[in-house]
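What follows is one structure encoded as structure tokens, with my remarks underneath.
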Amino acid sequence: MWVAVVVTLALLLGAAGGGLVWYRGSTYDDLAAQTTTAQALLTTSDGKVADPAVRDDLTLEVDDARALLGASFLDRMTTGTTGATASLEQASQAVHASMLEHARAEVEAARTSLAPVQERGEKIYAATEGLGADEAVRTRLREALDAAATTSETAGSGASADDLAALEQAVLDLEAGLATVATSTEEMSTAQDAVSCPAPDQVWDPDGGRVPDSALAAIPWSPSDRVRAEVLDGLVALDAAYLERFGVHLTINSSYRTYEEQADLYDPSSPIAAPPGCSNHGLGFAVDLGGGVQAFGTPQYEWLKQNAETYGWTHPDFAEPDGRVPEPWHWESVLARADD
């Protein structure tokens, strides 16, 4: 029976003549070309799909296609290649669609990452107006911010939303915008620091003296004084230990200062008070203490030196006896990013 079928098939194929040549040159070549394209897609899509399962499916289809292409002519004739080509095409389309989805998500992620960098850049730009820093540096920051805003608004929108190459370029553009804004912002901050903060242990900050009320918390035993909310618990715990040791609360002589309060205190001829924008008092990270702490060598001062860091507070190097401005009364949260 099987022999008869094979003989019949052979006779039919022989009779087909030119049709056989057409079959060999068309459907086989179509499948081979589609397999090559699919393999290239697997390479380029690695790590760039929203759903990795679609690549697994395409890999299986490519393996099946290669097996069919490597089979005998008779096997290909009985099995057919048209279905394999269609399946390969469908799996390839699924991978491409997943790549588009992934690329759109990457655009949004890059846009999201850019936003806070833009926000800080705008804050630095606004805060440096009229403060005497290099205007050329400030102009570069403005240009970087404007370019980034345009990129953020247009990247991955409109017709480009279905263009994989355009989406991938949008990600690169957004990342480049972020890098440029970050660099320009740092340059502007450094330029302003050079003008505003004369001491090397001072760092200018646009939030100095302008911390919102929502970010500040009153000190319970001295409610007219405030510090940053995130450092209050450590100060309260330090005070509790101090109270147990000395029988009194820490004496708070100064805490958070507004920009205007710091400006009133600042005297360019004296190193005692930092310029406005250069003080950790203005960031809510510093307190000035009395009650015996205000003198080096007292039991209160020595106890704090030994115990304060356990609770997240420290005496900065600049305020040490051999520091730039010896200030036994000045203590800071360890979260303070620079000495006052």
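The sequence shown: position 67 = 417 (our numbering), numbered continuously. We put the CB at the ideal spot given by N, CA and C, even for glycine.
If you measure between the beta carbons of residue i and residue j, is that distance less than 7 angstroms?
| i | j | result |
| --- | --- | --- |
| valine 412 | arginine 405 | no |
| aspartate 624 | glutamine 552 | A quick correction: the sequence has alanine, not aspartate, at residue 624. Yes. |
| glycine 662 | glycine 584 | yes |
| glycine 558 | glycine 632 | yes |
| serine 534 | alanine 476 | no |
| glycine 482 | tryptophan 554 | no |
| valine 531 | glycine 471 | yes |
| alanine 505 | valine 457 | yes |
| glutamine 468 | alanine 497 | no |
| tyrosine 609 | arginine 560 | yes |
| alanine 455 | glutamate 518 | no |
When burial is assigned at 16 or more other CB atoms within 10 Å of the CB, is residue i buried or exposed?
| i | result |
| --- | --- |
| leucine 522 | exposed |
| glutamine 443 | exposed |
| glutamate 503 | exposed |
| histidine 680 | buried |
| isoleucine 622 | exposed |
| serine 317 | Because the chain in this structure spans residues 351 to 690, residue 317 falls outside the shown range and cannot be described. |
| serine 395 | buried |
| leucine 524 | buried |
| glutamine 656 | exposed |
| glutamine 650 | buried |
| glutamine 440 | exposed |
| alanine 460 | buried |
| serine 539 | buried |
| leucine 424 | exposed |
| serine 507 | exposed |
| glutamate 682 | buried |
| valine 445 | buried |
| serine 546 | buried |
| glycine 397 | exposed |
Taking the DSSP output, what are the residues bridged to residue i?
| i | result |
| --- | --- |
| alanine 680 | The sequence shown places histidine at residue 680, rather than the alanine named in the question. DSSP lists Asp638 as partners of histidine 680. |
| isoleucine 622 | According to DSSP, which records beta bridges pairwise, isoleucine 622 is partnered with nothing at all. |
| alanine 567 | Val577 |
| tryptophan 663 | Ser683 |
| isoleucine 602 | Leu639 |
| serine 572 | Ile569 |
Which same chain residues end up closer than 8 angstroms to residue i when comparing Cβ atoms and leaving out the 5 residues on each side of it in sequence?
| i | result |
| --- | --- |
| aspartate 512 | Leu450 |
| tryptophan 653 | Tyr592, Arg595, Phe596 |
| glycine 673 | Pro666, Asp667 |
| leucine 381 | Ala415, Leu418, Leu419, Thr431, Ala434, Thr435, Leu438 |
| threonine 386 | none |
By Cβ distance, which residues of its chain are closer than 6 angstroms to residue i, with the 5 residues on each side in sequence left out?
| i | result |
| --- | --- |
| leucine 438 | Gln384, Ala388, Glu411, Ala415 |
| aspartate 638 | Asn603, Ser604, Trp679, His680 |
| alanine 568 | Arg576 |
| proline 671 | Phe646 |
| aspartate 407 | Ala441 |
Who are the Cβ neighbours of residue i in its own chain at under 7 angstroms, not counting the five residues just before and after it?
| i | result |
| --- | --- |
| glutamate 677 | Ala669 |
| serine 463 | Leu528 |
* Specify whether the stretch 596-614 and the stretch 562-579 touch according to this definition: at least 3 beta carbon pairs, one from each stretch, less than 8 angstroms apart. => yes
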